[in-house]
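With my numbering as the guide, the letters of the sequence shown map in order to residues 1 to 332.
Just so it is clear, CB atoms sit at the ideal spot from N, CA and C, and this is done for glycine as well.
Fair warning: this is a prediction, and the values are worked out from it, not measured in the lab.
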Amino acid sequence: MVKQASVTMAEFTDNIETMSTLEALEEVQLAAQASGRILELRIKQGDVVQPGQLLVVLDQGQVQAQLIGLKAQEEKDKLNWQRYEFLTSQGAASAFDRDRYKAQYIASREKVNATAATLAYSNLRSPVSGIVADLQVKVGDVIRSGDPFTKLIKNDKLQARVEVPARFADRIKVGLPVLLGKPGSAEIMAISKVGSIDPTVDIDTQGLLLKATFFNPNGDLRNGQRLPTRVQLDSNQSISVPFVAVTQTSAQSFVYRVGSFQDLEAQPGQAPLEKLRKFYPPSTRFALQTPVKLGTFQNNRYAVKKGLTPDQQVITTNLLNLKHGMPIEVKN
1 MVKQASVTMA EFTDNIETMS TLEALEEVQL AAQASGRILE LRIKQGDVVQ
51 PGQLLVVLDQ GQVQAQLIGL KAQEEKDKLN WQRYEFLTSQ GAASAFDRDR
101 YKAQYIASRE KVNATAATLA YSNLRSPVSG IVADLQVKVG DVIRSGDPFT
151 KLIKNDKLQA RVEVPARFAD RIKVGLPVLL GKPGSAEIMA ISKVGSIDPT
201 VDIDTQGLLL KATFFNPNGD LRNGQRLPTR VQLDSNQSIS VPFVAVTQTS
251 AQSFVYRVGS FQDLEAQPGQ APLEKLRKFY PPSTRFALQT PVKLGTFQNN
301 RYAVKKGLTP DQQVITTNLL NLKHGMPIEV KN
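Spelled out as structure tokens, the structure:
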């Protein structure tokens with residue numbers, strides 16, 4: 001009892017196997033726009049935020065008190081200017097004094113506006129959408145204006161930095177397929193194409209940098225991730241057989257085809273044809289040892305350059321017990 005498999009056409013590729021690093025195309029460093037103690041932290045690592053969303057609330061007491069004082073001074077300076085405006089029109093004060101009080105009022109007004117803006121910055125809001133990275137602050141911390149406290153990462157589209165040996169430079173071109181693999185597995189996570197090629201070879205590694213953009217709608221890929229990567233230089237269709245169908249003897253590769261009486265007569269070898277005709281019905285199938293010339297091995301299949309055609313069947317089990325011309329029963 002044996003099992004069989006079809007001789008089929010399969011795609012075989014000429015690949016460069018390497019590693020690549022993923023980078024987010026959009027990464028925003030968030031920094032405090034005002035100083036103060038953190039009263040509320042409304043985000044955590046991994047949160048998805050939208051533009052304008054409130055992220056951090058700072059203690060506003062000191063700035064609010066300062067703003068109240070500045071508004072009082074602004075009102076005082078405004079009254080002084082208005083009084084001198086009136087006195088000047090009556091000839092009781094000089095234009096010089098009037099302009100001096102007006103300048104004081106304008107300066108006070110600008111201080112109020114600047115402090116009000118600072119107060120608005122005490123509520124830190126997201127400038128863009130993204131995923132919150134590692135938070136470097138906690139409630140109660142004092143943060144100064146300009147201090148970075150996290151990053152926003154947009155993971156929906158990532159760029160792979162792929163380095164390949166410079167010896168392949170004459171075969172690399174924009175548009176070649178780039179496949180990202182899952183570590184420790186044959187699974188392909190994402191497929192894209194070479195988008196750009198660096199004109200310079202790295203002097204230390206003698207590597208050529210390629211870049212490919214990958215869309216990441218399900219979030220399976222992450223910024224900074226290193227993944228096994230395959231760049232396909234070429235591909236072609238070839239007749240193929242499963243790895244388990246091939247045996248080798250004295251550097252010659254063989255498969256056992258599933259054949260009929262007519263096939264055995266065309267390839268008799270040392271099979272006792274007369275005896276087989278006498279004892280087996282015409283529908284009997286036979287194992288036919290067939291020499292083959294093999295090509296590339298990929299995905300557990302051999303490309304076959306010579307010896308088989310796509311309409312044939314090959315045996316995949318009990319190969320060591322078979323002989324050319326042996327009657328067989330096929331399980332599948």
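Annotation: the continuous beta strand (DSSP E) that includes F215 extends over 207–215. Under the three-state reduction of DSSP output, T88 falls in the helix class. A distance below 8 angstroms separates the beta carbons of L158 and L25. By the C-beta density criterion, R230 is buried, having at least 16 other C-beta atoms within 10 angstroms. Taking C-beta atoms as the reference points, V7 and Q312 count as a pair closer than 8 angstroms. In this structure, L39 keeps its C-beta atom at 8 angstroms or more from the C-beta atom of L221. Counting along the chain, A266 sits inside the alpha helix (DSSP H) bounded by residues 261–266. Q159 is bridged by DSSP to E23, T213. With distances taken between CA atoms, G295 lies nearest to V246 out of V246, R257, K275, A103. E187 carries a coil assignment under DSSP once its states are collapsed to helix, strand and coil.
For the options L152, G207, A212, the alpha carbon positioned closest to that of I191 is the one of A212. Membership of E274 in the alpha helix (DSSP H) is indicated by the continuous run 273–279. L227 has S20 as its beta-bridge partners, per DSSP. The three-state secondary structure of N332, taken from DSSP, is coil. Going by beta carbons, R285 and I328 fall inside the 8 angstroms limit. Looking only at F279, H324, F86, the smallest Cα-Cα distance to Y256 is reached by H324. Remark: C-beta atoms of R144 and A65 do not approach each other more closely than 8 angstroms. By the criterion of a C-beta distance shorter than 7 angstroms, K111 is surrounded in its chain by L70, once the five residues flanking it on both sides are discounted. In terms of Cβ geometry, G219 and N155 form a close pair [threshold 8 angstroms].
Taking the CA atoms as reference points, F254 sits about 23 angstroms from T13. Runs of the beta strand (DSSP E) lying entirely within the region 28–60 and spanning at least 3 residues, in chain order: 36–41, 54–58.
Residue state for A169 is assigned as coil, using DSSP reduced to three classes. D234 carries a strand assignment under DSSP once its states are collapsed to helix, strand and coil. By the C-beta density criterion, V330 is exposed, having fewer than 16 other C-beta atoms within 10 angstroms. In the three-state DSSP reduction, I106 falls in the helix class (H, G or I). For A133, the secondary structure class from DSSP, reduced to helix, strand or coil, is coil. A contact is defined here as three or more CB-CB pairs under 8 angstroms, and the region 173–192 fails this definition with respect to the region 130–148. Put simply, of I153, V241, D204, Q252 the residue whose alpha carbon is nearest the alpha carbon of N216 is I153. T88 is not a Cβ neighbour of R100, given a cutoff of 8 angstroms. Here E163 is buried. Its C-beta has 16 or more other C-beta atoms within 10 Å. DSSP places T115 within a helical segment (H, G or I) once states are collapsed to three. In the displayed model, N15 falls within a strand according to three-state DSSP.
Secondary structure of Q82 (DSSP, three-state): helix. Counted as a single uninterrupted DSSP element, the beta strand (DSSP E) harbouring F286 occupies residues 285–298.
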